[in-house]
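Before any comments, here is the structure.
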Amino acid sequence: MQGAIARVVVAAAILNHPLLFPQENTTLPEQDEALLARMREHEKRLELEQARLEQELLYAGTEQQDPGSEDGYGWYFWSALSLVIFFTIEVCRQDLADMEARYADDEDGFVEGGSISSKTLQLDKGVLNSFCERCIHTSAHENWRVREFVEGFADDLLESLRSVCDRETDMEVADFVGIGSMFESWRVSKPLMCDLIVPFAPPEPYSFQFQLWCSPSSDVPLDMQGCGRIKVTKVGENEDGCLCGSANLGEDMLCLLHSKNEKPRADHTPDDLLCSKNTPYLAKDQVMKWFQISVTKAWGRISHKYEFELTFRNLDATGALKVRFRSGKVVVMNIIPVVELDGTNAYFVSHFPSDSSTSSDTYWPLSFAVYERNLLKHVAKSLPENSCHLHCLQIITFLHKKQMGLTGRCALTNYHLKTTLLHLLLSKGSSSWGSESLEHRLRDMLGFLHRSLQEKRLCHALVGNSQVPPEVRVPATFHTAEPINLFRPLVLQRELYADTLRHFQEMLRNAPVLIQEYTPLLQNGDTHHRLNSMAQSE
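Using this note's numbering, the first residue of the sequence shown is number 362, and each one after it goes up by one.
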């Protein structure tokens, strides 16, 4: 019987061996059709032989055997051996796939370590400088004017929002904070978009308590790293034990904790506090619904003061507003409700505009956008005049956006590109970022991103990074925490990873063509306006 098992294993190994019968990425020339037919015929014969051997094995297995006999132990031995062989076959198959991917990278011009060779990305320094000079620098003044308008309008809208909210029962809304590319001076594409976060807090006597993923007793799932839960609690509900608000004490009874004229606050329901059903945890969907209704009411009060049209761009993304002027010009803004983590500039965000994933309603991602902006400002102080760091980010963002127009969306986002830049700013010397080094630093960024994709690992720039200078003032809880892998979804989803890697490789192939396509127009001053319309179009 052992011989039968051995023959089955050998036949299965032949049929499944990745070098003999690969399942994908296999093409044969048209003249080898006869060879292909013979291979198929041979494969069928092997399958028939395997089926016959399996029947023989099944028949042999029906015979009664003493578990303590030599044959019985032989059965266990051959079963274990067959499992080991099948496991080895799968490992070989995966190794072969990785070898093919590396070979494809070598053919495309990638060198060892994920660096970008000149064969892959042929860029002319003069063309790059011209591209940045007109395509990027000319938008700085317009960006400043848009920011000024958005900040003024947001102030007016939030003041109106506070007036329509009930101060006794509704959430309390604070002033907005500007984040993202427009406020970090690297936005290049149109329509110009401003991201504003608006902190809110519960009405008295309630408060928020936070459960972070990096807390010692955290029960946050592994796929929710970088997130936390927000618990709504009543201040002092177990401290003073006052019953005057929940029991009828009669007219002759006085409360020693509250004055006669002080009316006890009525208890709020979980819906009033925007909690998830049957839990004390703040729900993102409830918050987004409340904020959208409040913004709509607030705009209704002040719309007569403005001569433009305001609409919601996406009903699933609260605060995604689009302003359309009579001239046809469009300005986009994302006003996002957030919860401030006590004593920090980190915020729990209800949603990210670029995030299409659906996570648990009670797990809120934590944004370090304010600290990232502070890091960029701190590093810029030591960089050479007219440094190229933001130009590198702008060029790659431009290429990424154009490639998405060709091949569709993927897992790669502008935030991943910005994270790449932050890592390089922390690891490379200040003198490396002069304007004359634009081409080299651009290759460095693309090479770092390529290595990260190969390894399926891109660490958060601030969390668990000892290179972050103390001047940025990242809270110690996060400075010493375990690093967060922003590419974790690529580890779990093979198809998503393949699409993202393909997108990146196509972006590299198309980069010289895209830059060259827009650059010739720069030589003619009369076409200046047309270039901006093309290079910065949505």
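The beta carbon of each residue, even a glycine, is placed where N, CA and C say it ideally should be. On a predicted model such as this, the values are computed, not experimentally measured, just so you know.
#1: Can you tell me whether V691 is helix, strand or coil according to DSSP?
#2: According to DSSP, simplified to helix, strand and coil, what is L851?
#3: Would the segment 501-521 and the segment 776-785 be scored as touching if the rule is three or more Cβ pairs under 8 Å?
#4: Between S743 and H752, what straight-line distance do the alpha-carbon atoms span, to the nearest angstrom?
#5: Count the other CB atoms within 10 Å of the CB of D556; is the residue buried (16 or more) or exposed (fewer)?
#6: On a CA-only basis, which of C575, F569 and C493 is nearest A360? Give me that one, please.
#7: Going along the chain, which residues of its own chain have a beta-carbon closer than 6 Å to the beta-carbon of R802, five neighbours each way excluded?
#8: Which same chain residues, not among the five before or five after S546, have their C-beta less than 7 Å away from its C-beta?
#9: Identify which residue in S688, S721, K683 and P726 has its Cα closest to the Cα of P698.
#10: Are the beta-carbon atoms belonging to V593 and L643 less than 8 Å from one another?
#11: Would you decide whether H821 is buried or exposed? Buried here means 16 or more other CB atoms lie within 10 Å of its CB.
#12: State the start and end residues of the unbroken alpha helix (DSSP H) segment that holds Q647.
#13: Mind checking whether F848 and V824 have CB atoms under 8 Å apart?
#14: Determine the burial state of R590: buried for a count of at least 16 other Cβ atoms within 10 Å of its Cβ, exposed for fewer.
#15: Determine the direct distance from the alpha carbon of M694 to that of K340, and round the result to whole angstroms.
#16: Taking Cβ positions, are I757 and F492 nearer each other than 8 Å?
#17: Are the Cβ atoms of R685 and E701 separated by less than 8 Å?
#18: Assess, as a yes-or-no matter, whether the segment 791-798 is touched by the segment 762-781 under the definition of 3 or more beta carbon pairs within less than 8 Å.
#19: Does DSSP put Y642 in a helix, a strand or coil?
#20: Closest to F544 by CA distance: which of V656, E512 and P560 is it?
#21: By alpha-carbon positions, which one of L407, C526, L819 and L522 ends up nearest to F537?
#22: With a threshold of 8 Å on Cβ separation, who are the neighbours of S792 within its own chain once the five nearest residues in sequence on each side are excluded?
#23: Would you call the CB atoms of L682 and I696 closer than 8 Å?
#24: What residue from N639, P582 and K666 has the CA that sits closest to L573's CA?
#25: Return the bridge partner residues of D556 from the DSSP annotation.
#26: Mapping the DSSP letters down to three states, classify E668 as helix, strand or coil.
#27: Just the C-alpha distance for E402 and I845, rounded to the nearest angstrom, thanks.
#28: Buried or exposed for G808, going by 16 or more other Cβ atoms inside 10 Å?
#29: Is the CB-CB distance between Q828 and V549 below 8 Å?
#30: DSSP beta-bridge partners for A681?
#31: Is the Cβ-Cβ distance between P836 and H739 less than 8 Å?
#32: Tell me where the alpha helix (DSSP H) around K738 begins and ends.
#33: Between the C-alpha atoms of E668 and K690, what's the straight-line distance to the nearest angstrom?
#34: Mind checking Q854: buried by the 16 CB within 10 Å criterion, or exposed?
#35: From the DSSP output, in three-state form, read off E529 for me.
By the coordinates alone:
#1: strand
#2: helix
#3: With the cut-off at 8 Å, the segment 501-521 and the segment 776-785 do not touch.
#4: 17 Å
#5: buried
#6: Because residue 360 is not part of the residues shown, which for the chain are 362 to 899, the question remains open.
#7: C749 and C753
#8: L751
#9: P726
#10: yes
#11: buried
#12: From DSSP, the alpha helix (DSSP H) with Q647 extends over K645 to I663.
#13: no
#14: buried
#15: What the structure shows of the chain is the stretch from 362 to 899, and residue 340 is not part of that stretch, so it cannot be assessed.
#16: no
#17: For the pair R685 and E701, the CB atoms are not nearer than the 8 Å cut-off.
#18: no
#19: strand
#20: Checked all of V656, E512 and P560; the closest Cα to F544 is E512.
#21: L522
#22: Answer for S792: P745, listed in chain order.
#23: yes
#24: P582
#25: Its beta-bridge partners are I540 and N695.
#26: The DSSP-derived three-state label of E668 is coil.
#27: 51 Å
#28: buried
#29: no
#30: N695
#31: no
#32: Unbroken alpha helix (DSSP H) run through K738: A730 to A741.
#33: 13 Å
#34: exposed
#35: coil
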